Each structure stands twice: as C-alpha cells, then as structure tokens.
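With the UniProt record's numbering, the residue at position 104 of the sequence shown is 104, and numbering never jumps.
For glycine and all other residues, C-beta sits at the position ideal for the given N, C-alpha and C.
In this text, all values refer to a predicted model and were calculated from it rather than measured experimentally.
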Amino acid sequence: RDRGVTIQSNTKEFFTDKYHYTIVDAPGHKDYIKNMITGSSGADVGMLLVPAEKGGFEAAIAKGDPKSGVEEGQTRQHARLLYLLGVEQLIVGINKMDSCDWSEDRYNEIKDEFTKMLQAVGYKPKKIPFIPYSGFNGDNLVEKSDKAAWYKGWT
Numbered sequence: 001r002d003r004g005v006t007i008q009s010n011t012k013e014f015f016t017d018k019y020h021y022t023i024v025d026a027p028g029h030k031d032y033i034k035n036m037i038t039g040s041s042g043a044d045v046g047m048l049l050v051p052a053e054k055g056g057f058e059a060a061i062a063k064g065d066p067k068s069g070v071e072e073g074q075t076r077q078h079a080r081l082l083y084l085l086g087v088e089q090l091i092v093g094i095n096k097m098d099s100c101d102w103s104e105d106r107y108n109e110i111k112d113e114f115t116k117m118l119q120a121v122g123y124k125p126k127k128i129p130f131i132p133y134s135g136f137n138g139d140n141l142v143e144k145s146d147k148a149a150w151y152k153g154w155t
C-alpha cells in the first residue's frame, strides 16, 4: 500500500433508471495477480488502462521473453486473464495523453498495437472503444476535451 498500488479489490455501486452497476477496482500490480483474478472473475466488462507515455505503453504490452529476462507486460497478461475468465467486452483507456501532447499519431499507434495484441488473445477489437484521457488533469474523463478535437468517441 505504501507504494501506491491497489492490493485488494474494491467495489463501488451506482444505479441508473435502467441498470445497477458495480465497479470493481482490481489490483494491477504483478504481485497481486491472484487478487486481480478474484476481483475480475464475475465481470461483464473489463477496463484496461495503459499509459500513452513513450516506454510506458511498450512495457505494458511487452510479449516477454524469459530467456532474455524480459518480463511480460502486465496489461498483456491482464487482457489474457480477462479473456480466460470469460470477460468478452473491454474498454481501453489510454491515460497520460498529456505526456505526448495529445498526439493523434501516438493515440493511433497505441490503438493499432493494442488491437493486434487483443486479436492475438482472442478479442474482437472492432467492438472495443479506446478512450484517450489525462487522469491527472481530468481531461476527456466526463466531458470532451478540446485538447483532443480529433477524437470522436466516448469520454
């Protein structure tokens, strides 16, 4: 907990006129994979978050190679685990878009690479929204951001 990582799964519920939602914040750190699996096991939809910053995204989806000592990226592992748990629908959040000055090219690069990875896992990426945002600055979270005028999808 001192390192700023989620250890246990936490839930938050809310209701709309039509639906009852339960959001589960499951651990993402490699030391807590068992807790991530437990927290995600009954999910209808999964949300994977990746950083847009150079190097951060690449590490998150790294294939891994035990022979050369390269670890598999946590997001790649989580995508595979969610698929094995039967979570068929995903939402991908691309965080830290401020780190690349809201570059549409960087967004498309991440979306294309992530799509290839998700297809290899078994997902149908045409059904998966990719949402660029900056959590730190609150951009494109609730309302569309003018910093991403090129983006036409969800917030």
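Using a C-beta cut-off of 8 Å, the stretch 54 to 70 makes no contact with the stretch 17 to 27, since fewer than three inter-stretch Cβ pairs fall below that distance. With a minimum length of 3 residues, the unbroken runs of beta strand (DSSP E) contained wholly in the UniProt domain "Tr-type G" (1 to 155) fall at 10 to 15, 20 to 25, 45 to 51, 89 to 95, 130 to 132. Two segments are said to touch when three or more pairs of C-beta atoms, one from each, lie closer than 8 Å; by this definition the stretch 42 to 60 touches the stretch 94 to 107.
The Cβ atoms of residue 82 and residue 46 sit closer than 7 Å to each other. Separation of residue 111 and residue 131 (C-alpha to C-alpha, rounded to the nearest whole angstrom) is 10 Å. A buried status is given to residue 114, since no fewer than 16 other beta-carbon atoms sit within 10 Å of its beta-carbon. Straight across, the Cα-Cα distance linking residue 44 with residue 91 is about 11 Å.
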